[in-house]
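Novice:
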Amino acid sequence: MPSTASAGAASPARKPLTSVLIKPAGPDCNMACTYCFYLGKSQLFPQTAIHRMDDRILRETIRQVMREGENQVAFGWQGGEPTLMGRQFFERAVQYQMRYGRPGQIVGNGLQTNGALIDKDWARFLREASFLVGLSLDGPQHIHDRYRRLAGNQSSWERVVRARDFLLEAGAEMNALIVVNDYSVQFPAEIYEFHKASGLLHMQFIPCVETDPLDPNRAAPFSADADAYGRFLCELFDLWMADFRHGKPTTHIRWFDSVFYTYVGLEPPDCTLLEECGVYVVVEHNGDVFSCDFFVEPRWYLGNVLEGRIVDFLNSQRQQEFGRVKKSLPAECLTCRWLPHCRGGCPKDRLRDPRDQGRDHFCRAYKKFFQHADRRLRQLADDWLKEQQKAQRQKLKVERNDPCPCGSGRKYKHCCGRV
Ligand code: SF4
Ligand code: SF4
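For reference, each letter of the sequence shown is one residue, going 34 to 452 in my numbering.
#1: I want to check one thing, is the minimum distance from the CB of Glu365 to the heavy atoms of ligand 2 below 7 Å?
#2: Taking Glu223 as the reference, give the member of Phe199, Gly172 and Arg385 with the closest Cα.
#3: Within the same chain, show all residues whose beta-carbon is closer than 6 Å to that of Arg160, passing over the 5 residues directly before and after it, in chain order.
#4: Taking the alpha-carbon positions, what's the Ala43 to Arg392 distance?
#5: At a cut-off of 7 Å, would you count Lys381 as near ligand 1, judging by its Cβ distance to the nearest heavy atom?
#6: Note down, one range per segment and in chain order, each beta strand (DSSP E) of at least 3 residues found wholly within the stretch 197–225.
#7: Assuming Cys241 and Ala257 form a contact by the criterion Cβ under 8 Å, report the distance between their Cβ atoms to the nearest whole angstrom.
#8: Hey, could you find the ends of the alpha helix (DSSP H) Trp417 is sitting in?
#9: Only counting the same chain, and skipping five residues up and downstream in sequence, which positions put a Cβ closer than 7 Å to that of Arg385?
#10: Please state if the CB of Leu413 and the CB of Phe293 are separated by a distance shorter than 8 Å.
#11: What does the alpha-carbon distance come out to for the pair Ile90 and His175?
#12: Note the first and the last residue of the continuous alpha helix (DSSP H) segment covering Glu268.
#13: Give me the Cα-Cα distance between Lys351 and Arg47, rounded to the nearest whole angstrom.
#14: Report the partner residues of Gln105 according to the DSSP bridge assignment.
#15: Within 10 angstroms of the Cβ of Ser441, are there 16 or more other Cβ atoms? Answer buried if so, exposed if not.
#16: Can at least three beta-carbon pairs, one atom from the stretch 301–309 and one from the stretch 354–368, be found at a separation below 8 Å?
#17: How many whole angstroms separate the CB atoms of Lys56 and Glu300, which I take to be in contact at a CB cut-off of 8 Å?
#18: Between the stretch 107–127 and the stretch 143–152, can you find at least three pairs of beta-carbon atoms closer than 8 Å?
#19: Shorter than 7 Å, the distance from the beta carbon of Cys369 to the closest heavy atom of ligand 2, or not?
#20: Is the shortest distance between the beta-carbon of Arg192 and the beta-carbons of chain C less than 8 Å?
#21: At the level of alpha carbons, what is the spacing between Trp155 and Cys439?
#22: Could you tell me the boundaries of the alpha helix (DSSP H) in which His175 lies?
#23: If you measure from the CB of Tyr68, is any heavy atom of ligand 2 nearer than 7 Å?
#24: Considering only the alpha carbon of each residue, which of His447, Thr295 and Val329 lies closest to Val315?
#25: May I ask you to list the residues that DSSP assigns as paired with Ile90?
#26: Classify His279 as buried or exposed, calling it buried when 16 or more other Cβ atoms lie within 10 Å of its own Cβ.
#27: Between Phe277 and the rest of its own chain, which residues show a CB-CB distance below 8 Å, the 5 nearest in sequence each way excluded?
#28: For Lys229, which residues from the same chain have a beta carbon less than 7 Å from its beta carbon, with the 5 sequence-adjacent residues on both sides left out?
#29: Between the Cα of Pro60 and those of Asp415, Lys428, Arg125 and Ala82, spot the shortest distance and give me the residue it belongs to.
#30: Which residue's Cα is closest to the Cα of Ser52: Val98, Tyr129 and Trp288?
#31: Ligand 2 and Gly377: does any heavy atom of the ligand fall closer than 7 Å to the residue's C-beta?
#32: Alpha carbon to alpha carbon, what distance is there between Arg411 and Pro436?
#33: Whose C-beta lies closer than 6 Å to the C-beta of Phe346 among residues of the same chain, with five residues either side of it excluded?
#34: Identify, in the order they occur along the chain, each residue of the same chain with its Cβ nearer than 8 Å to the Cβ of Gly137, setting aside the five sequence neighbours on each side.
#35: Taking buried to mean at least 16 other C-beta atoms within 10 Å of its own C-beta, is Gly232 buried or exposed?
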């Protein structure tokens, strides 16, 4: 949930460079999950069979972000599988961040990993360098192993659970990444309780929809069905709320947190809930920059870090065009009462199943969820805004019926203190 009520201002004309997503090993991965869309991306980089970011590109990417980025910048390290680069690569990345950073600049690093290579040394490094680790662990063994397989179709669960335990022991900040597919969608409580029991209290659920490789006219069979995902979200929401203590959540579900931002009028951290895309860019292993991780394709190629500036790519015509794609919504969205909270979902989810005819594959799920949760989300938002107001009054040393300190002549509660 948000910690202040200060956001929500109109965005400036030029987008600030605040975050980049880096794919140092391109689409390469040491696992072979059935539902992964990255593996096919190798065709985009046919020059080499193995894709690795070299030191020149790493250094230049970091130099630009640190020198031309805001006072607070975030690096998201993603794949494929970024740990294929080895620990020393990330040690160098941290050194470059220190070398090129300004005094007082705050740097965040997030690493998404399948956990297969995470051992005690990795865990210690990630803790010491304050990385936020997103670990792909879909749930208990029967759920995780359903599709998340090592090469040779071997089970990966034990290895990933071991990685989780190393990371927890080391005290690394962690987030469980859970893909919701046709099978796991049946088990919201089991997945939630599994992570909670292990102490993994931050969870990010990602609904899966991909085009069927055998029939391009429909979604792949492992995709989650919209109605089933709607039931999943509702049950998960009830579990999340049941774990509130003293009006505060004790577990963190990224999508719920983001939705909550929309209820208090703040800009949500989850890009799928924004009005437009294009708030960040992706840097591939060879320095090529693209509009979004899900659109690493020729149409959305913006340039290369060795030939241009990332901040210019972020503000390029092409990136603006990409950003607007999200806003071109089907008629159903334009009249939908949930549009201010849903924003039509992620554009990639409109494209995978032709039967959706341009609508978000999970639209029915979102409608079901908002119908189920809206009243309670409004209540939570109300409570939160009142709390913010109270904190603000204490800071300004003003009561609700006092004249407003802004000088308007009105009572504070009818002016700046209005909830
Ligand atoms: S396409 Fe989806 S993931 Fe990419 S920026 Fe837009 S909402 Fe975010
Ligand atoms: S719930 Fe469906 S119709 Fe409504 S805004 Fe979201 S995607 Fe569009």
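Ideal Cβ placement from N, Cα and C applies to all residues, glycine included. This structure is a prediction, so every number in the text was calculated from the model and none was measured.
Specialist: Concretely, from the data shown:
#1: Because some heavy atom of ligand 2 lies under 7 Å away, the Cβ of Glu365 counts as near it: yes.
#2: Nearest C-alpha to Glu223: Gly172.
#3: Leaving aside the five residues that flank Arg160 on each side, the residues in its chain whose CB is nearer than 6 Å to its CB run, in chain order, Ala203, Gly204 and Ala205.
#4: In this predicted model, Ala43 has a pLDDT of only 44, less than 50, meaning its place in the structure is not dependable; the value taken from the coordinates is given anyway. Taken atom to atom, the span from the alpha-carbon of Ala43 to that of Arg392 is near 28 Å.
#5: Checking the Cβ of Lys381 against ligand 1 gives yes.
#6: Qualifying beta strand (DSSP E) stretches, in chain order: 206–213.
#7: Confirmed, about 5 Å.
#8: Unbroken alpha helix (DSSP H) run through Trp417: Cys396 to Leu429.
#9: Annotation for Arg385: Val242, Glu243, Thr244, Ala252 and His394 place their beta carbon closer than 7 Å to its own, counting only its chain and skipping 5 residues before and after.
#10: Judged by their CB atoms, Phe293 and Leu413 are nearer to each other than the 8 Å cut-off.
#11: Straight-line Cα distance between these residues: approximately 41 Å.
#12: Unbroken alpha helix (DSSP H) run through Glu268: Ala259 to Ala275.
#13: Here residue 351 turns out to be Arg, not Lys, going by the sequence shown. Roughly 14 Å separates the two Cα atoms.
#14: Paired residues: Ile139.
#15: Ser441 comes out exposed.
#16: Yes, the stretch 301–309 touches the stretch 354–368.
#17: The beta-carbon distance between Lys56 and Glu300, rounded to whole angstroms, is 25 Å. This is too long to meet the 8 Å contact definition.
#18: Segments in contact, yes.
#19: Yes, the beta carbon of Cys369 sits closer than 7 Å to at least one heavy atom of ligand 2.
#20: Of the chains in the structure shown, none is chain C; there is only one protein chain.
#21: Taking the CA atoms as reference points, Trp155 sits about 52 Å from Cys439.
#22: It spans Gln174 to Tyr180 - the alpha helix (DSSP H) in which His175 sits, taken as one unbroken run.
#23: Checking the Cβ of Tyr68 against ligand 2 gives no.
#24: Nearest C-alpha to Val315: Val329.
#25: DSSP, once it has assigned bridges, lists no residue as partnering Ile90.
#26: So His279 ends up on the exposed side.
#27: Exclusion of the five residues before and after Phe277 leaves Thr283 as the residues of its chain whose Cβ lies within less than 8 Å of its Cβ.
#28: Taken in chain order, the residues that qualify are Thr284.
#29: The shortest C-alpha separation from Pro60 is found at Ala82.
#30: The residue among Val98, Tyr129 and Trp288 with its C-alpha nearest the C-alpha of Ser52 is Val98.
#31: Yes.
#32: Going from the Cα of Pro436 to the Cα of Arg411 covers about 29 Å.
#33: The answer, listed in chain order, is Val314, Val322, Leu335 and Gly336.
#34: Answer for Gly137: Asn104, listed in chain order.
#35: By the neighbour-count rule (16 or more Cβ atoms within 10 Å), Gly232 is not buried but exposed.
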